[in-house]
Each structure stands twice: as structure tokens, then as C-alpha cells.
Amino acid sequence: MRSYDPQIGRWAQQDPYEEFASPYVGMGNDPANNIDPNGGSIFTGLTLAGRLAVTTITGAFVGGVVGMATGDDTWTSMGTGAGLGLLSGLGGIGKLAASVVIQGANQLSKVFNSSSKSCSGRYGKWRRC
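Under my numbering, read the sequence shown as residues -15 to 113, first letter to last.
Here you go:
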């Protein structure tokens, strides 16, 4: 069990799972509002479900925007984005979210570099060139 020293505002022992950049930070460095009795993780089932919902919805949104920008089928792009978002929530947000962002940036760069024609329609909505 990890013990918290309120005088220095830090944990007396290092985080056993090394979740954070500093080995002495735990529970988002907010022990008053979070519970982590064994130093394992502050994520609960509800937190995990919320994280999965957010990453899935965000992935679907990003996929839809990329689909509209590239002229691909928007629903297919949204489905792909939602799947990647779900995977990123399940398997580590950092690696897969970075992958999704890089893929989206690559697709957008193709749009901007593919043609000298204007690809923006009325009010900035994208249309196929």
C-alpha cells in the first residue's frame, strides 16, 4: 500500500506501474478526489467505458471529416475512424491516437497537394475536385 505525505504533497513510495512521467505522481496528483489504494490505477470500469466512448466518437468524427475532405465515402470513413478510436481506447491512447492523427494529416495533405483547383465550396464546405 502506498502512503501519501500531505506535508510534501507527494507519495512516499514510487508508483509501481510507472503510469506517469514522475514516479511519485499518482491519481493525477489529486489524492483527495481519486482513490488508488494499492498504487495500481485510478481507472475504474466506468472510467474505461467513458474513455472508450470518447475515443470512438472522436475517431468517427475525425474519420468523417477526412472522408469529406478526400471525397471518400463519409460513412465508411466514419466507421474506420470509430474502429480506430475504439482500438486506441482499448490499447493505449497514445500510440494509436498518434497513428490516427498522422493518417488524417497525410490524407489532408493529399487533398491540398492534389490539385491547384479550389476544393472549397460555399461556406467552406469541402467538395470533390
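Note that beta-carbon positions come from the ideal geometry of N, C-alpha and C, so glycine has one too.
Closest option to A37, judged by alpha-carbon separation, among G65, Q(-9), R(-6), P(-10): G65. With respect to S61, G47 sits close: the two C-beta atoms are nearer than 8 Å. Closest in alpha carbon position to G63, among A44, Q(-9), I(-8), is A44. Note: R(-6) is bridge-paired with D(-11) in the DSSP secondary-structure output.
For the pair R35 and V49, the Cα-to-Cα distance works out to about 21 Å. One alpha carbon belongs to D57, the other to I(-8), and they sit about 55 Å apart.
If you draw a straight line from the Cα of L71 to the Cα of A33, it is about 13 Å long. Cβ-Cβ separation between T42 and G69: approximately 6 Å, consistent with a contact (criterion under 8 Å).
In the three-state scheme derived from DSSP, where H, G and I count as helix and E and B as strand, G55 is classed as coil.
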